[in-house]
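Worksheet: one structure, shown below.
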Amino acid sequence: MALLGVILLLVGAGVGVVAYLATRGAAGPVTLSAFGLSRDASPIELVLYGAVAVLLFALGWALLSASARRRARLRRDERANARITEAEEGAENARLEHERRFEEAGLRDDDLRRRESELAARHEGLDTREAELSRREAEWRDREGPSRADVVTGRAEGSVAEGTARWADDRSGAEGRPDRTQQLPATERPYDQHATDPTADRAGDRPHDGVDHRADEAHHDRADERLEDRTDERAHRDTTA
Numbered sequence: 015m016a017l018l019g020v021i022l023l024l025v026g027a028g029v030g031v032v033a034y035l036a037t038r039g040a041a042g043p044v045t046l047s048a049f050g051l052s053r054d055a056s057p058i059e060l061v062l063y064g065a066v067a068v069l070l071f072a073l074g075w076a077l078l079s080a081s082a083r084r085r086a087r088l089r090r091d092e093r094a095n096a097r098i099t100e101a102e103e104g105a106e107n108a109r110l111e112h113e114r115r116f117e118e119a120g121l122r123d124d125d126l127r128r129r130e131s132e133l134a135a136r137h138e139g140l141d142t143r144e145a146e147l148s149r150r151e152a153e154w155r156d157r158e159g160p161s162r163a164d165v166v167t168g169r170a171e172g173s174v175a176e177g178t179a180r181w182a183d184d185r186s187g188a189e190g191r192p193d194r195t196q197q198l199p200a201t202e203r204p205y206d207q208h209a210t211d212p213t214a215d216r217a218g219d220r221p222h223d224g225v226d227h228r229a230d231e232a233h234h235d236r237a238d239e240r241l242e243d244r245t246d247e248r249a250h251r252d253t254t255a
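The sequence shown begins at 15 in my numbering and counts up by one.
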């Protein structure tokens, strides 16, 4: 653009010099009439009028160009400012969203820790209750002792009549569990009693056997109830976990 401006200036200066040389030797004035007015002007004066007109046109064109460039620059600045503002708003929204997610993650962590503490407390309570049940069961076993029903079902071993009966889980170091029924004396095997003692159905023995049978059934029912309670407790603990 600067080179084009220099070229135009040189061309304008050359045209002015040629016009001056062409009109310098001319003689006689020239009559000019415009808007009801008339004036006698020399040829050199006409050249000056033309130069002034061209200069005014050039100045007006330059002002219009500068104004257009200024408006274009303002529009570019406005678009750039709008993009910058939009980018800043997006960054601010992203920062707020990031902080909100961090807060939600912190709340979830706090909730998980609280639930973990509650579960740990529940497990501790269940363990304490299970230990208490085990202790009570051990005390009950030490106090009551095994019965014939426990010996028959395999929960105890030995002989109740001879006083050698003991709970099967009290034995330590044993590998496997042998058949408790085969270790019982013949008098304590209900299914062999009729085969070995034909007089077992005598009327004199029936009342005593009935009392023992009812006592064994009551003891067996209490043991089954305690076993069911412990099973329900463990199932409830597994469900809670």
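Glycine residues also receive a C-beta, built at the ideal position from the N, C-alpha and C atoms.
Taking 6 Å as the limit between beta carbons, can you name the residues of its chain near residue i, skipping five residues before and five after?
i, result
"S81", "none"
So what's residue i in DSSP terms, helix, strand or just coil?
i, result
"E176", "coil"
"R169", "coil"
"S52", "strand"
For residue i, which residues in the same chain have their Cβ closer than 8 Å to its Cβ, ignoring the five residues on either side in sequence?
i, result
"Y63", "A55"
Whole-angstrom Cβ separation of residue i and residue j, contact assumed at under 8 Å?
i, j, result
"R169", "W154", "In fact, because the Cβ distance is near 13 Å, the residues do not count as touching under 8 Å."
"V165", "G172", "7 Å"
To the nearest angstrom, how far is it from the Cα of residue i to the Cα of residue j?
i, j, result
"E138", "A108", "44 Å"
"D123", "R114", "14 Å"
"A67", "R83", "24 Å"
"A27", "L70", "16 Å"
"A152", "T178", "18 Å"
"R150", "T142", "12 Å"
"E130", "R97", "48 Å"
"T99", "D91", "12 Å"
"R89", "S79", "15 Å"
"N95", "P57", "57 Å"
"V31", "A101", "59 Å"
"L61", "R93", "Contrary to the premise, residue 61 reads as Val rather than Leu in this sequence. One C-alpha to the other measures close to 48 Å."
"R127", "L110", "25 Å"
"A134", "L140", "10 Å"
"S52", "A65", "20 Å"
"G159", "A145", "20 Å"
"Y205", "R162", "Only weak support exists for where Y205 lies, its pLDDT of 39 falling under 50; the value from the coordinates is given anyway. Looking at the two C-alpha atoms, the distance is approximately 13 Å."
"E59", "V29", "15 Å"
"E106", "G120", "21 Å"
"E176", "D156", "17 Å"
"L24", "P43", "30 Å"
Hey, is residue i close to the ligand SAH, as in C-beta under 8 Å from one of its heavy atoms?
i, result
"A94", "Judged by which ligands are present, the structure shown has none, so any question about the ligand SAH falls away."
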